[in-house]
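Student:
Residue numbers (this note's numbering), protein chains in the order written: chain A, 63 to 176; chain B, 12 to 122.
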């Protein structure tokens, strides 16, 4: 199993550009989520999904969209990139109920917005 | 909204010294998880605590969940250079569906 994969590993955008961060898992996990990590801020939840076709907002959803058309994939879309979105983005997945199951994290995408 | 505060933000220790990081929540948690992130890496699950007052041990690591399920701690006995990294707690909200992370404690160990 590849586990949780994320692409790209690194990305540089200009302000106003849009892009999609890809996340896929091959463990048949119901739960998937996106976090951003900034120095001194820990991991902040952006959006999450408890199953295909179901998504919900986390702590910092503004400027990001998600969709979950399949169990395996959970892409994160930046609609109009801003310098404040410079961060490291982690995708995670877990079996069953989020709060009672181990979360498996992907390797992360380091995004810089100029 | 629910917040999980973690202290200290940084801890520098000499190899062999003990280390403790603390988490406090503004609300009662359904459970708490602990993760470790090595420099340049991604968070990796260590353990989960669910019951009030629960204590679990993994070799030199001791995890505690408070009686009121609002606080937790991770204690490492006799640190080693392999313990270097950032330790995060993550609390489950009682509505179910969110795992809220603390800010993390970055541990450095001087040989």
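Backbone N, C-alpha and C fix where the C-beta goes; we use that ideal spot for every residue, glycine too.
1. According to the Cβ coordinates, are residue 84/A and residue 137/A closer than 9 Å?
2. Near residue 71/B, what residues of its chain come up, given a Cβ to Cβ distance below 7 Å and the 5 sequence neighbours on each side ignored?
3. List the DSSP bridge partners of residue 112/A.
4. Any Cβ of chain B within less than 9 Å of the Cβ of residue 145/A?
5. Just to confirm before moving on: does the CB-CB distance between residue 140/A and residue 67/A stay below 9 Å?
6. Among the candidates 16/B, 62/B, 15/B, whose CA atom is the shortest distance from the CA of residue 77/B?
7. Please name the residue in 37/B, 59/B, 115/B, 17/B whose C-alpha comes closest to that of residue 163/A.
8. In whole angstroms, give me the CA-to-CA distance for residue 100/B and residue 156/A.
9. Assuming residue 83/A is part of the beta strand (DSSP E), what are its boundary residues?
10. Starting from the C-beta of residue 48/B, find all residues in its chain whose C-beta is less than 6 Å away, skip the five residues before and the five after it, and write them out in chain order.
11. Chain A partners of residue 109/B, CB-CB under 9 Å?
12. Counting C-beta neighbours from all protein chains within 10 Å, is the total for residue 90/A 16 or more, i.e. buried, or is it exposed?
13. How would you write the range of the beta strand (DSSP E) that residue 72/A sits in, first residue to last?
14. Taking C-alpha atoms, which residue in 129/A, 71/A, 114/A, 74/A lies nearest to residue 108/A?
15. Quick one: what does DSSP say residue 73/B is sitting in, helix, strand or coil?
16. Taking DSSP's pairing of strands, which residues face residue 154/A in a bridge?
Tutor: Working from what's here:
1. yes
2. 87, 88, 89
3. Looking at the DSSP assignment, residue 112/A forms no beta bridge with any residue, so it has no partner.
4. no
5. no
6. 62/B
7. 59/B
8. 17 Å
9. 81–87
10. 54, 96, 97
11. 95, 107, 110, 118, 120, 121, 160, 161
12. exposed
13. 72–75
14. 129/A
15. strand
16. 95/A, 167/A
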